[in-house]
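Chains as they are written, first to last, in our numbering: chain A, 26 to 138; chain B, 8 to 118.
Given below as structure tokens:
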């Protein structure tokens, strides 16, 4: 079947620290992978995506590379800011899932000054 | 585009009352999703529609929940009768290709 597993949170970092949030997946078919971000009191927003193996998605300083060999899509940022404090969700959609997305459980990030 | 629009943004009701949540998807999107988010269970898919037709409602908790999509620009999620355990944030999302766009959510409190 299809599923996404994210590292447990919460994660607390100091400003300018390096961020990694791990995400692994299982999928049938050919998945596309996504990271969504949810700021307090808001809905989820698409942060970045990758549609095929070895693609790198990037946005706002965040990056994630689609690794088929390790079935992973880890989110990274070189220097986090207080404004990056949010909940991050890894998600996939696959060629055999119709339009249904599979979301991870979310990882809460708090960045302290 | 205004994005996905949900109403109301906040709803407080008493146990046993009927609750109706509304969603207007982004114009041109052919899929619509209803999610529920709680601290305990995280983000749960309740039901989704393709071209106004319900495709998978296996996430609907029980018969008290129902969803309709009478046309491409409107959907409702109804809870009747409501219970305190239904308290959550309910999100509507729409998509056309393989990107989902979420609304701001409706925070439901059932007392």
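Glycine included, C-beta positions come from ideal geometry on N, C-alpha and C.
- The way I'd put it, the stretch 51-68 of chain B doesn't touch the stretch 14-27 of chain B; fewer than three beta-carbon pairs between them come closer than 8 Å.
- Interface annotation, residue 124 (chain A): in contact with chain B, CB-CB separation under 8 Å.
- When rounded, the separation of the alpha-carbon atoms in residue 45 (chain B) and residue 98 (chain B) is 11 Å.
- DSSP places residue 43 (chain A) in no beta strand (DSSP E); its state is neither H nor E.
- Interface annotation, residue 98 (chain B): in contact with chain A, CB-CB separation under 8 Å.
- Within the same chain, 22, 117 and 118 come within 8 Å of residue 91 (chain B) by CB-CB distance, once the 5 residues on both sides are set aside.
- In the DSSP assignment, residue 104 (chain B) is bridged to no other residue.
- About 10 Å separates the CB atoms of residue 75 (chain A) and residue 117 (chain A); that is not less than 8 Å, and the two are not in contact.
- In this structure, the beta-carbon distance from residue 133 (chain A) to residue 34 (chain A) falls below 8 Å.
- Taking each of A:106, A:77 and A:95 in turn and checking the Cα distance to residue 58 (chain A), the smallest one comes out for A:77.
- By the Cβ-count criterion, residue 107 (chain A) is exposed, with fewer than 16 other Cβ atoms from all chains shown falling within 10 Å of its own Cβ.
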